[in-house]
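Chemist: Here it is, the structure in full.
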Amino acid sequence: MATAKDPTQDAKLSLDNQAKDTEVASHHEFRDPYGLSAEEQAFLDNLPDKVKKRALSKLDWRLIPLLAFLYLMSYIDRTNIGNVKIEGIMDDIDLRGDRYNVATCIFFAPYCFFEIPSNWILSRTKRPSWYLGSLVIAWGIVMTCAGFINSYGGLLAVRFMLGLTEAGFYPGALYLIGRWYTHKEVQMRIAIFYSASAAAGAFSGLLAFGIAKLDGTAGYRGWRWIFIIEGIISVLGGIVCFFGLPDSAERSSKWLSPDEVKFLQLRKRQSARAASRSHLENSHEGENKGFPWKTLKNVLLDWQVYLLIVIYWSNAMPNYGLKFTMPSVIKGMGFTSSTAQLLTIPPYAMGTVSALVSSWIADRYTWRFPFIVFGQTLIIISYAILFAYGPTVDSRVPECYFALILACIGFLPILPSTNAWAISNLEGPTKRAIGLAWMITLGNLGGVPGSFFFKTEEAPRYPTAYASSFSVAGAGIVAAVCLELAYSKVNARRAKKSEEEIRASYTEEQLEKMGDRSPLFRYTL
1 MATAKDPTQD
11 AKLSLDNQAK
21 DTEVASHHEF
31 RDPYGLSAEE
41 QAFLDNLPDK
51 VKKRALSKLD
61 WRLIPLLAFL
71 YLMSYIDRTN
81 IGNVKIEGIM
91 DDIDLRGDRY
101 NVATCIFFAP
111 YCFFEIPSNW
121 ILSRTKRPSW
131 YLGSLVIAWG
141 IVMTCAGFIN
151 SYGGLLAVRF
161 MLGLTEAGFY
171 PGALYLIGRW
181 YTHKEVQMRI
191 AIFYSASAAA
201 GAFSGLLAFG
211 IAKLDGTAGY
221 RGWRWIFIIE
231 GIISVLGGIV
241 CFFGLPDSAE
251 RSSKWLSPDE
261 VKFLQLRKRQ
271 SARAASRSHL
281 ENSHEGENKG
291 FPWKTLKNVL
301 LDWQVYLLIV
311 IYWSNAMPNY
321 GLKFTMPSVI
331 KGMGFTSSTA
341 QLLTIPPYAM
351 GTVSALVSSW
361 IADRYTWRFP
371 FIVFGQTLII
381 ISYAILFAYG
391 PTVDSRVPEC
401 YFALILACIG
411 FLPILPSTNA
421 WAISNLEGPT
431 KRAIGLAWMI
441 TLGNLGGVPG
451 SFFFKTEEAP
461 RYPTAYASSF
471 SVAGAGIVAA
481 VCLELAYSKV
491 NARRAKKSEE
501 EIRASYTEEQ
511 LEKMGDRSPL
521 FRYTL
């Protein structure tokens with residue numbers, strides 16, 4: 001027995017000495033259980049750039065367009081109530097008083113509270129395509145059923161079920177993007193994905209304009225056809241998700257070469273190490289059975305999440321209110337219903353351009369803060385114009401319509417930057433999944449008061465909506481400044497100690513468990 005032990009002990013001592021020599025020899029290329037081996041690093045170093053670019057391009061085309069299309073349909077289905085508002089539903093099911101506002105608001109009750117469990121389920125499943133595809137089909141069926149309601153109670157039931165079935169998709173899609181891409185690549189992809197909401201604002205008006213022409217077909221009103229046809233499109237999109245959405249590099253050998261698979265497996269760990277992060281990208285922190293209550297507690301007590309939520313509110317409150325009401329606001333300027341549907345297109349088109357350009361610059365310089373403040377500043381200016389000219393909106397049409405365009409230019413860059421900030425600074429897959437869901441949960445609660453900003457009795461002037469919106473945007477600027485200063489201060493404090501000093505004070509296991517609280521971790525600004 002003794003002779004069987006000695007070689008193993010000698011080998012272990014030799015490996016320990018090699019690890020210590022490697023750690024001392026290089027400050028930047030330390031080794032850890034989840035880092036890259038010498039063989040893996042050599043593979044990445046020697047892999048031709050054209051192979052790397054080809055793999056990333058294949059991933060981009062496989063993942064982002066499909067997620068963007070599904071989010072487009074998600075956003076159309078949740079906001080098309082604004083389109084049908086001017087197509088007869090108000091009279092057909094007696095949406096008097098605040099009933100319309102309640103119907104828009106009730107969506108957020110299940111939508112907000114199902115996001116955390118949904119993202120936890122997604123983080124544990126091996127087939128995200130099946131899970132997300134099922135959600136899409138479910139909300140498509142609900143949306144189709146909305147075309148057959150005959151009462152206010154039926155509308156409330158449909159809106160509630162729509163919120164329940166849509167809840168998991170948005171945080172789930174963000175989680176998938178964060179799992180596939182490095183922190184220097186993530187915002188542009190999120191912007192393309194999120195721009196689907198702007199496209200939804202533009203396309204839903206055009207789609208509603210066309211579908212409403214079916215008014216009277218088969219005895220159904222135009223607003224019913226809007227619900228039915230848009231719901232069927234979502235069901236078809238969910239079916240495509242089962243077969244088209246990539247689950248992982250390991251399951252992608254049908255459209256990736258072996259070298260491309262290995263490259264996509266290793267690149268996130270390489271990026272994490274280069275950024276002095278805590279190497280949790282491939283850890284098994286979430287593999288224990290049962291819900292990760294300790295991780296949830298860490299998220300609930302994390303100061304940065306709540307500043308991110310305030311920033312989220314600065315977008316959600318005015319944004320949702322306007323999305324549900326923009327066709328009515330434009331109609332109040334003196335346009336017909338059909339023209340109002342079409343005039344919703346330019347504001348969202350300009351917002352899409354704004355989101356893409358700002359996100360490209362933000363990824364290039366890995367800096368999120370200025371693009372959030374830029375968007376919030378434009379929101380303040382736009383709503384100040386609408387508040388000032390609202391009482392005479394019919395004689396100030398150019399100014400007020402320009403303000404709507406300016407508002408969308410401000411709205412669209414905020415959430416891609418906020419989500420990219422969260423993905424970069426919530427370290428570890430389980431914390432990132434739960435943290436994103438928690439941020440989006442509380443952030444989307446801003447849609448509840450936002451749904452009541454635009455009061456029917458205040459149309460077409462809406463003074464409460466405009467005053468509330470630019471006030472909330474101001475609070476978002478304060479939160480963004482506080483978060484930027486806090487991140488900078490923490491990074492400066494952690495930079496005072498060298499890596500050798502830190503590793504002498506903590507074990508690898510301790511550093512891994514700390515996540516973004518590790519002294520090796522640096523926050524992205």
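Numbers 1 to 525, taken from the UniProt record's numbering, label the letters of the sequence shown in order. Beta carbons: idealized from backbone N, C-alpha and C, even for Gly.
Any heavy atom of the ligand NAD within a distance shorter than 8 Å of the CB on glutamate 427?
Modeler: With respect to small molecules bound, the structure shown includes none, and the ligand NAD cannot be examined in it.
Chemist: Keeping to the same chain, check which residues put their C-beta closer than 6 Å to that of isoleucine 229; ignore five residues upstream and five downstream.
Modeler: Here the question's residue 229 lines up with position 229 in the sequence shown. Apart from sequence neighbours up to five positions away, the residues of its chain that approach isoleucine 229 with a beta-carbon distance below 6 Å are Ile211, ordered along the chain.
Chemist: Could I get the ranges of all uninterrupted alpha helix (DSSP H) runs contained in the stretch 376 to 456, with 4 residues as the minimum, in chain order?
Modeler: Counting only runs of 4 or more, we get 397 to 425, 429 to 444, 447 to 451.
Chemist: Would you please state the rounded distance, in angstroms, between the beta carbons of threonine 104 and alanine 138? I believe it to be under 8 Å.
Modeler: Numbered from 1 along the sequence shown, position 104 holds the residue referred to as residue 104. Numbered from 1 along the sequence shown, position 138 holds the residue referred to as residue 138. So it is not a contact: roughly 20 Å between Cβ atoms.
Chemist: Can you tell me whether threonine 507 is helix, strand or coil according to DSSP?
Modeler: Along the sequence shown, read from residue 1 onward, the residue named residue 507 stands at position 507. Here threonine 507 sits in coil by DSSP.
Chemist: Should aspartate 302 be labelled buried (16 or more other beta-carbon atoms within 10 Å of its own) or exposed?
Modeler: Residue numbering aside, residue 302 sits at position 302 when the sequence shown is read from its first letter. Only buried fits aspartate 302, as 16 or more other CB atoms lie within 10 angstroms of its CB.
Chemist: Quick check: the Cα distance between residue 526 and arginine 368, rounded to an integer number of angstroms?
Modeler: For residue 526 there is no data in the structure shown, the boundaries of the chain being 1 and 525.
Chemist: Given 8 Å as the limit, is there contact between the stretch 187 to 203 and the stretch 67 to 78, that is, 3 or more CB pairs closer than that?
Modeler: A contact is defined here as three or more CB-CB pairs under 8 Å, and the stretch 187 to 203 meets this definition with respect to the stretch 67 to 78.
Chemist: Between glutamate 29 and leucine 36, what straight-line distance do the alpha-carbon atoms span, to the nearest angstrom?
Modeler: Within the sequence shown, numbered from 1, the residue matching residue 29 stands at position 29. Within the sequence shown, numbered from 1, the residue matching residue 36 stands at position 36. Caution is warranted here: a pLDDT of 39 is assigned to glutamate 29, below 50, making its placement in the model unreliable, and no coordinate value can be reported.
Chemist: Quick check on aspartate 516: does DSSP put it in helix, strand or coil?
Modeler: Here residue 516 corresponds to residue number 516 of the sequence shown, with the count starting at 1. Helix, per DSSP.
Chemist: Out of Thr524, Tyr466, Tyr462, Ile141, point me to the one whose CA is closest to alanine 486's CA.
Modeler: Along the sequence shown, read from residue 1 onward, the residue named residue 486 stands at position 486. Nearest of Thr524, Tyr466, Tyr462, Ile141 to alanine 486, Cα basis: Thr524.
Chemist: Beta-carbon separation of arginine 54 and glutamate 260 under 9 Å?
Modeler: The count along the sequence shown starts at 1 and reaches residue 54 at position 54. The count along the sequence shown starts at 1 and reaches residue 260 at position 260. In this structure, glutamate 260 lies closer than 9 Å to arginine 54 by Cβ.
Chemist: So which of Tyr220, Tyr365, Phe227, Asp516 has the shortest CA-CA distance to isoleucine 141?
Modeler: Indexing the sequence shown from 1 puts residue 141 at position 141. Of the candidates Tyr220, Tyr365, Phe227, Asp516, the one whose C-alpha sits nearest the C-alpha of isoleucine 141 is Phe227.
Chemist: Given leucine 162, which residues of its chain have a CB within under 7 Å of its CB, disregarding the five upstream and five downstream residues?
Modeler: Taking the first residue of the sequence shown as position 1, residue 162 is located at position 162. Asp77, Arg78, Phe107, Trp139, Val142, Met143.
Chemist: If tyrosine 170 and isoleucine 440 are in contact, beta carbons under 8 Å, what's the gap, nearest whole angstrom?
Modeler: On the sequence shown, position 170 is the one that residue 170 refers to. On the sequence shown, position 440 is the one that residue 440 refers to. With 8 Å as the limit, tyrosine 170 and isoleucine 440 qualify as a contact, their Cβ atoms being about 6 Å apart.
Chemist: Select from Gln304, Trp438, Ala218 the residue whose C-alpha is nearest the C-alpha of cysteine 482.
Modeler: Start at 1 with the first residue of the sequence shown, and residue 482 comes out as number 482. Measuring from the Cα of cysteine 482, the nearest candidate turns out to be Gln304.
Chemist: So, helix, strand or coil for proline 370, using DSSP?
Modeler: Stepping through the sequence shown from its first residue, residue 370 is reached at position 370. Helix, per DSSP.
Chemist: Apart from the five residues just before and just after tryptophan 120, which ones in its own chain have a Cβ nearer than 7 Å to its Cβ?
Modeler: Working through the sequence shown from its first residue, we reach residue 120 at position 120. Beyond the five residues adjoining it in sequence on each side, tryptophan 120 comes within less than 7 Å, by CB distance, of Phe291, Ala433, Ile434 in the same chain, given in chain order.
Chemist: Quick check on threonine 339: does DSSP put it in helix, strand or coil?
Modeler: Start at 1 with the first residue of the sequence shown, and residue 339 comes out as number 339. Three-state result, threonine 339: helix.
Chemist: Specify the secondary structure class of tyrosine 523 as computed by DSSP and reduced to three states.
Modeler: Stepping through the sequence shown from its first residue, residue 523 is reached at position 523. Tyrosine 523: coil per DSSP, three-state reduction.
Chemist: Inspect the beta-carbon positions of serine 358 and serine 417 and report whether they are closer than 9 Å.
Modeler: The residue labelled residue 358 in the question sits at position 358 within the sequence shown. The residue labelled residue 417 in the question sits at position 417 within the sequence shown. Yes; because the gap between Cβ atoms is below 9 Å, this pair is in contact.
Chemist: So the alpha helix (DSSP H) tyrosine 220 belongs to, where does it begin and stop?
Modeler: Taking the sequence shown and counting its residues from 1, the one referred to as residue 220 is at position 220. No alpha helix (DSSP H) contains tyrosine 220, which DSSP labels as neither H nor E.
Chemist: Would you call the stretch 401 to 412 and the stretch 450 to 459 touching, i.e. three or more CB-CB distances under 8 Å?
Modeler: Touching, no.
Chemist: With three or more beta-carbon pairs closer than 8 Å as the criterion, would you say the stretch 468 to 477 touches the stretch 330 to 345?
Modeler: no
Chemist: For valine 397, tell me which candidate among Ala316, Gly231, Trp360, Ile330 has the shortest Cα-Cα distance.
Modeler: Sequence index remark: in the sequence shown, residue 397 carries index 397 (1-based). Minimum Cα distance to valine 397 is reached at Ile330.
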